[in-house]
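**Student:** For the sequence shown, the residue numbers in mature numbering (1 follows the signal peptide of the UniProt record, and there is no 0) are -19 to -1, 1 to 252. Quick reminder that beta carbons are idealized off the backbone N, C-alpha and C, glycines included. This structure is a prediction, so every number in the text was calculated from the model and none was measured. Below you will find the structure I want to go over with you.
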Amino acid sequence: MKKSAALLACFALALSSCAAAPKDTSLKAQLDFENNYITLPLDEYDMSDQALDITYRAYLLILKECYAKKGYDFEILENGFVSGDASQYGSWNVKHAANHFTSSKVREEQSRIYDSIPEDVKASCREEHREELNALKFDEADEEKYRPVRRISGEAYQRAQGDPEWKKARSDWWDCQREKGLTPRTGDGEWTSKETANLNADDPKVLEEVIRLATIEAQCSEKVRLAQRLGDLEASYQGPLIEKNQALLNELKAYRDAKIAKAREIIATHQ
């Protein structure tokens, strides 16, 4: 999941005891450059990007089949799912630097296609397939159910952020940006250069420049292994916290895995 919720949790944690947590340096982040995923140990139990991607695709496939039976074509676009937003450490994947800024446009187009289906048809399909769709959805109740995961993620992130290696990795990234003529922003939550921050990414006239800058930032990230180093730090702090909360996390994993298994079954039979 994205880090915004985790960051909010940090404020509450800052008011509580901050005794040094143990680290398990054998745990590492997994970077999937092909699919643009950054996977941490906690993602095994969470509503991760991968889980959301696969359940959402299955959800759309059910609707696509239903719409087709009612005479309406519904195209499911590629590269418009959650994975396009894997940017918790800034632009880190050169291959997907452009996709990071265009995936939102793809999602907008997917929404437009969905909106083109008459409301009565959509309502009918939702009702006809209510049980199947509900078995796939992560809803507001699930957000509450997974609140402990947000807490654990926030605590691990806070402790990783306080590790000297975190600042060292970011400093190496900033130095690379400077070498390439960019001005890095060095605040805790700042993950783009000043040049990128000063552009309106929603303006199609500057999209080419946004992509150029994102590519440079990603090149620097790959050069100094920023995402791997920061991800490994988070992973090392997540490990002991996962072990401490293992029973609860196992319950959440079983709940999530049931949705993923259902999604895989639907994808296999509806393609």
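Quick check: what's the CA-CA separation for L21 versus K51?
**Tutor:** The sequence position of residue 21 within the sequence shown is 40, counting from 1. The sequence position of residue 51 within the sequence shown is 70, counting from 1. Cα to Cα, L21 sits roughly 42 angstroms from K51.
**Student:** Any idea what DSSP makes of residue 291, helix, strand or coil?
**Tutor:** In the structure as shown, the chain begins at -19 and stops at 252. Residue 291 is therefore absent and cannot be evaluated.
**Student:** Among residues of its own chain, excluding the 5 on either side of K9, which ones have a beta-carbon nearer than 6 angstroms to its beta-carbon?
**Tutor:** For the purposes of this step, residue 9 is taken as residue 28 along the sequence shown, with counting starting at 1. Answer for K9: D213 and A216, listed in chain order.
**Student:** When we look at the beta-carbon of Q11 and count the other beta-carbons within 10 Å, is it buried (16 or more) or exposed?
**Tutor:** As a position in the sequence shown, residue 11 is number 30, starting the count at 1. Burial call: exposed.
**Student:** If you compare alpha carbons, which of A178, E160, K161 and G162 is closest to residue 300?
**Tutor:** There is no way to answer for residue 300, as the model of the chain reaches only from -19 to 252.
**Student:** Using the rule of at least 16 other Cβ atoms within 10 Å of the residue's Cβ for burial, across every protein chain shown, is K225 buried or exposed?
**Tutor:** Taking the sequence shown and counting its residues from 1, the one referred to as residue 225 is at position 244. It is exposed - the Cβ of K225 has fewer than 16 other Cβ atoms within 10 Å.
**Student:** At which residues does the alpha helix (DSSP H) containing I241 begin and terminate?
**Tutor:** Within the sequence shown, numbered from 1, the residue matching residue 241 stands at position 260. Taken as a continuous stretch (DSSP letters only), the alpha helix (DSSP H) holding I241 covers Q227 to H251.
**Student:** From the DSSP output, in three-state form, read off T20 for me.
**Tutor:** Your numbering for residue 20 matches position 39 in the sequence shown. In the structure shown, T20 sits in a strand (DSSP, three-state: E or B).
**Student:** Does the beta-carbon of L58 have 16 or more other beta-carbons within 10 angstroms, so that it is buried, or is it exposed?
**Tutor:** The residue labelled residue 58 in the question sits at position 77 within the sequence shown. When all chains shown are included, L58 counts as exposed.
**Student:** According to DSSP, which residues form a beta bridge with G71?
**Tutor:** For this step, residue 71 is matched to residue 90 along the sequence shown. Answer is Q69.
**Student:** Return the bridge partner residues of P165 from the DSSP annotation.
**Tutor:** For the purposes of this step, residue 165 is taken as the residue at position 184 of the sequence shown. For P165, which the question treats as bridged, DSSP gives the partners S174.
**Student:** Could you tell me how far apart the beta carbons of K234 and Y37 are, in whole angstroms, since I believe they sit closer than 8 angstroms?
**Tutor:** Your numbering for residue 234 matches position 253 in the sequence shown. Your numbering for residue 37 matches position 56 in the sequence shown. Contact doesn't hold; Cβ gap of about 19 angstroms is too wide.
**Student:** Which value, in whole angstroms, describes the spacing of the CA atoms of E100 and L188?
**Tutor:** Taking the sequence shown and counting its residues from 1, one reaches residue 100 at position 119. Taking the sequence shown and counting its residues from 1, one reaches residue 188 at position 207. Answer to the nearest angstrom: the Cα atoms are 34 angstroms apart.
**Student:** Measure how close the beta-carbons of I223 and L23 come, nearest whole angstrom, since I'm counting them as under 8 angstroms.
**Tutor:** Position 242 of the sequence shown, counted from the start, is the residue given in the question as residue 223. Position 42 of the sequence shown, counted from the start, is the residue given in the question as residue 23. Yes, I223 and L23 are in contact; Cβ-Cβ is about 6 angstroms, under 8 angstroms.
**Student:** Please confirm whether I98 and E56 have their CB atoms less than 8 angstroms apart.
**Tutor:** Reading the sequence shown from its first residue, position 117 is the one you call residue 98. Reading the sequence shown from its first residue, position 75 is the one you call residue 56. The answer is no: Cβ separation not under 8 angstroms.
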